[in-house]
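*Asks:* Below is one structure. I have some questions about it.
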Amino acid sequence: MFGKNVDRASFFQQQELYQAKRAAFLDNAVFHWTFDLDDGKNPMMKKARSYVTNWPQVRQDHISLLLWGDIGTGKSFFAGCIANALIEQHVVVRMTNFSRILDKVGAGYSEEKTRFLDELSTCELLILDEATAAMDMESTLAAEKLMHDYCRETG
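Per the numbering used here, residue 31 is the first one in the sequence shown, and the count goes up by one each step.
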């Protein structure tokens, strides 16, 4: 299976990285959003790099980022760069949106709902992309409360 020029350890590291990204992202396009693709036009990307560089302290201090702006200004790319850099450091990241959360955790108990919430509550960084897209404020607040309560209950 492995030729002379293929390093087994490197192969398995790449497979592990691929699986981590598959678990992290809804959209495979995000796999490739890295700081290497940054064109340098957005000065805020320095903040994204700093967030990654200082991750141990950021995590310990529970520092969050809130990105806002018009459509097409690069918020998702910004978050994807952070996510990919941290995944490469073996940080467990999930990037999802409130619409998906609400779809998965609708009323009632199910094993799928519990698995989904467990997965979200055990990640080290949860990125909520398009947090308010197609949602009213009441739904957004309900989703935030659900996630907060579940994460608090599960530690």
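Note that the Cβ used here is the ideal one computed from N, Cα and C, for glycine as well.
1) Quickly, what does DSSP pair Leu158 with across the bridge? List them, please.
2) By a C-beta neighbour count over all protein chains shown, 10 Å radius and 16 as the cutoff for buried, is Asp69 buried or exposed?
3) Please return the same chain residues whose Cβ sits closer than 8 Å to the Cβ of Phe32, not counting the five positions on each side in sequence.
4) Our contact map puts Val123 next to Ala54 with C-beta atoms below 8 Å; I'd like the distance itself, whole angstroms only.
5) Measuring only the C-alpha atoms, how far is Val121 from Glu154?
6) Quick one: what's got a C-beta closer than 7 Å to Val82's C-beta in the same chain, skipping five residues either side?
7) Would you kindly work out how many angstroms separate the C-alpha atoms of Lys71 and Glu118, rounded to a whole number?
8) Is the beta carbon of Ser106 less than 9 Å from the beta carbon of Glu160?
9) Can you list, in chain order, the residues of its chain whose CB lies under 8 Å from that of Phe108, leaving out five sequence neighbours each side?
10) Do you know how far the Cα of Arg89 is from the Cα of Ile157?
11) With a 10 Å radius around its C-beta and 16 neighbouring C-beta atoms as the bar for buried, classify Phe128 as buried or exposed.
*Replies:* To lay it out plainly:
1) Thr126
2) Under this definition Asp69 is an exposed residue.
3) Here Phe32 scores only 48 on pLDDT, less than 50, and its place in the model is too uncertain to base an answer on.
4) 5 Å
5) Rounded to the nearest angstrom, the two C-alpha atoms are 6 Å apart.
6) Ile112, Ala115 and Leu116
7) 24 Å
8) In contact: Ser106 and Glu160 (Cβ atoms closer than 9 Å).
9) Taking C-beta separations shorter than 8 Å and ignoring five residues to either side along the sequence, the partners of Phe108 in its chain run Asn72, Met74, Met75, Ala78 and Leu97, following chain order.
10) 13 Å
11) Buried, because 16 or more other Cβ atoms sit within 10 Å of the Cβ of Phe128.
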